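Enquirer: Please see the structure below; I have some questions.
Numbering (the numbering used here), first residue to last: 1228 to 1491.
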């Protein structure tokens, strides 16, 4: 079985793949930031890469190397950029990086580029980079298109009810909580230490930001909600919903015949 990950294949195999009319590349985008004492700094990058790989296997797409640094963590969504271990890019740098990478793939012949985002704060800067990249590629006559998706947007109400039987409190406080921890327990169980998970009430966040950041406004754990209740079984529910939803969206937008591309 040939790997769906671009870094695992040779240049000739890659060139043959790109020459096919339905060639699609998925670029995982994450971050390097703290996710509490029970999980590693690479959660966002690990999850976006693993989900991209599962989607690529369904569609016969290729997965590019992961963008492992993201835009600055914010107190109301990621705990804050002041936290040790969180290593971030400026918005301009992330936008420029996305533009350069997307334009390079388009110049090599890809007309279908996807970025699967796994870090909340990244979205608007990736959006800008992709919009510029597609616009400039199309100015040269290329039939370039791109998609931008965040994986959590494909978790429907039925799945949320199963994963959060006591009620879902909102995406804004799901940093280091049940969703990410459950997915990590399924996909990277050896990297999660639930004995170190801190159980505390959801963060009570104010509806605005202040500068400089005030560390006292978010829980000392770095998590905005408790990971209590996370499990691999709940991770499976989440993963299945996300992979099916993302794959269906890409297939519909790009009219892809499933798994015709030969990267399986």
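Beta carbons are placed, not taken as given, at the ideal position from N, Cα and C, and that holds for glycine. Since the model is a prediction, treat every value here as computed from it, not as a measurement.
CB residue 1342 to CB residue 1321, shorter than 8 Å?
Expert: In the chain shown, residue 1342 corresponds to position 115, counting from 1. In the chain shown, residue 1321 corresponds to position 94, counting from 1. Taking 8 Å as the Cβ cut-off, residue 1342 and residue 1321 do not qualify as a contacting pair.
Enquirer: Give the C-beta separation of residue 1308 and residue 1440 to the nearest angstrom, bearing in mind that I take them to be a contact with Cβ-Cβ under 8 Å.
Expert: For the purposes of this step, residue 1308 is identified with residue 81 of the chain shown, where counting begins at 1. For the purposes of this step, residue 1440 is identified with residue 213 of the chain shown, where counting begins at 1. Confirmed, Cβ separation roughly 7 Å.
Enquirer: Measure the C-alpha to C-alpha separation of residue 1295 and residue 1266 and round it to an integer number of angstroms.
Expert: Mapped onto the chain shown, residue 1295 falls at position 68. Mapped onto the chain shown, residue 1266 falls at position 39. Computed Cα separation, rounded: 16 Å.
Enquirer: Is residue 1425 near residue 1264, with beta carbons less than 8 Å apart?
Expert: The residue given as residue 1425 occupies position 198 in the chain shown. The residue given as residue 1264 occupies position 37 in the chain shown. Yes, Cβ-Cβ distance for residue 1425 and residue 1264 is below 8 Å.
Enquirer: Please determine, among 1231, 1252 and 1262, the residue with the shortest C-alpha to C-alpha distance to residue 1423.
Expert: Residue 1423 sits at position 196 when you count from the first residue of the chain shown. When each option's Cα is compared against that of residue 1423, the closest is 1262.
Enquirer: Using 8 Å for Cβ pairs, my map puts residue 1457 next to residue 1445. What's the rounded Cβ distance?
Expert: For the purposes of this step, residue 1457 is taken as residue 230 along the chain shown, with counting starting at 1. For the purposes of this step, residue 1445 is taken as residue 218 along the chain shown, with counting starting at 1. Incorrect: roughly 20 Å between the Cβ atoms, too far for contact.
Enquirer: Is residue 1320 close to chain C? Criterion is C-beta to C-beta, closer than 8 Å.
Expert: Considering every chain present, this structure includes no chain C. It has just one protein chain.
Enquirer: Does DSSP put residue 1209 in a helix, a strand or coil?
Expert: There is no way to answer for residue 1209, as the model of the chain reaches only from 1228 to 1491.
Enquirer: Which residue from 1354, 1313, 1306 and 1340 puts its Cα closest to that of residue 1323?
Expert: Stepping through the chain shown from its first residue, residue 1323 is reached at position 96. Nearest of 1354, 1313, 1306 and 1340 to residue 1323, Cα basis: 1354.
Enquirer: Does the Cβ of residue 1487 have 16 or more other Cβ atoms within 10 Å, making it buried, or fewer, making it exposed?
Expert: Your numbering for residue 1487 matches position 260 in the chain shown. Confidence at residue 1487 is low in this model, with a pLDDT of 42, below 50, so the placement of that residue should be treated as unreliable; the coordinate-derived value is given next. Looking at its Cβ environment, which holds fewer than 16 other Cβ atoms inside 10 Å, residue 1487 is exposed.
Enquirer: Work out the CA separation of residue 1244 and residue 1489 for me, nearest whole Å.
Expert: Taking the chain shown and counting its residues from 1, the one referred to as residue 1489 is at position 262. Taking the chain shown and counting its residues from 1, the one referred to as residue 1244 is at position 17. In this prediction, residue 1489 scores a pLDDT of 44, lower than 50, which makes its location untrustworthy; no coordinate-derived value is stated.
Enquirer: Leaving out five residues before and five after residue 1462 in sequence, what residues of the same chain have Cβ atoms less than 6 Å from its Cβ?
Expert: Position 235 of the chain shown, counted from the first residue, corresponds to residue 1462. Same-chain partners within the cutoff: 1409, 1410, 1412 and 1413.
Enquirer: Near residue 1233, which residues of its chain fall below 8 Å by C-beta distance, leaving aside the five closest residues on each side in sequence?
Expert: Counting from 1 along the chain shown, the entry for residue 1233 is found at position 6. Counting only Cβ-Cβ distances below 8 Å, and skipping sequence neighbours, we find 1241, 1252, 1289, 1290, 1291 and 1292.
Enquirer: Looking at the unbroken alpha helix (DSSP H) that takes in residue 1252, where does it start and where does it end?
Expert: Here residue 1252 is taken as the residue at index 25 of the chain shown, counted from 1. Per DSSP, residue 1252 belongs to no alpha helix (DSSP H); it is in the beta strand (DSSP E), 1251-1256.
Enquirer: So, at 7 Å on beta carbons, what are the nonlocal neighbours of residue 1217 in its own chain, with the 5 sequence-adjacent residues on each side left out?
Expert: Outside the modelled stretch of the chain, which goes from 1228 to 1491, sits residue 1217, for which no answer is possible.
Enquirer: Rounded to the nearest angstrom, how far is the Cβ of residue 1474 from that of residue 1285, given a contact under 8 Å?
Expert: Against the chain shown, residue 1474 aligns to sequence position 247. Against the chain shown, residue 1285 aligns to sequence position 58. Going by Cβ atoms, the distance from residue 1474 to residue 1285 rounds to 4 Å, so yes, they are a contact pair.
Enquirer: CA-CA distance, residue 1337 and residue 1472?
Expert: In the chain shown, residue 1337 corresponds to position 110, counting from 1. In the chain shown, residue 1472 corresponds to position 245, counting from 1. One C-alpha to the other measures close to 23 Å.
Enquirer: Beta-carbon separation of residue 1279 and residue 1255 under 8 Å?
Expert: Taking the chain shown and counting its residues from 1, one reaches residue 1279 at position 52. Taking the chain shown and counting its residues from 1, one reaches residue 1255 at position 28. Yes, these two residues count as a Cβ contact at 8 Å.
Enquirer: Apart from the five residues just before and just after residue 1483, which ones in its own chain have a Cβ nearer than 6 Å to its Cβ?
Expert: Residue numbering aside, residue 1483 sits at position 256 when the chain shown is read from its first letter. Same-chain partners within the cutoff: 1249 and 1286.
Enquirer: Kindly indicate the opening and closing residues of the beta strand (DSSP E) around residue 1373.
Expert: Within the chain shown, residue 1373 is the residue found at index 146, counting from 1. Element bounds for residue 1373: 1372-1377.
Enquirer: For residue 1332, count neighbouring Cβ atoms within 10 angstroms of its own Cβ and tell me buried if that reaches 16, exposed if not.
Expert: Here the question's residue 1332 lines up with position 105 in the chain shown. Residue 1332 comes out buried.
Enquirer: So, are the CB atoms of residue 1345 and residue 1275 less than 8 Å apart?
Expert: Sequence index remark: in the chain shown, residue 1345 carries index 118 (1-based). Sequence index remark: in the chain shown, residue 1275 carries index 48 (1-based). Contact: yes.
Enquirer: Between the alpha carbons of residue 1453 and residue 1391, how many angstroms are there, rounded?
Expert: Translated into the one-based positions of the chain shown, residue 1453 becomes position 226. Translated into the one-based positions of the chain shown, residue 1391 becomes position 164. So the alpha carbons of these two residues sit roughly 12 Å apart.
Enquirer: Taking residue 1387 and residue 1395 to be in contact with their CB atoms under 8 Å, please state how far apart those CB atoms are, rounded to whole angstroms.
Expert: Taking the chain shown and counting its residues from 1, one reaches residue 1387 at position 160. Taking the chain shown and counting its residues from 1, one reaches residue 1395 at position 168. 5 Å between Cβ atoms; contact.
Enquirer: Across which residues does DSSP place residue 1294 in a beta bridge pair?
Expert: For this step, residue 1294 is matched to residue 67 along the chain shown. Beta-bridge pairing links residue 1294 to 1256.
Enquirer: For the alpha helix (DSSP H) holding residue 1285, just list the boundary residues, first then last.
Expert: By one-based count along the chain shown, residue 1285 stands at place 58. Here the alpha helix (DSSP H) through residue 1285 covers 1270-1286.
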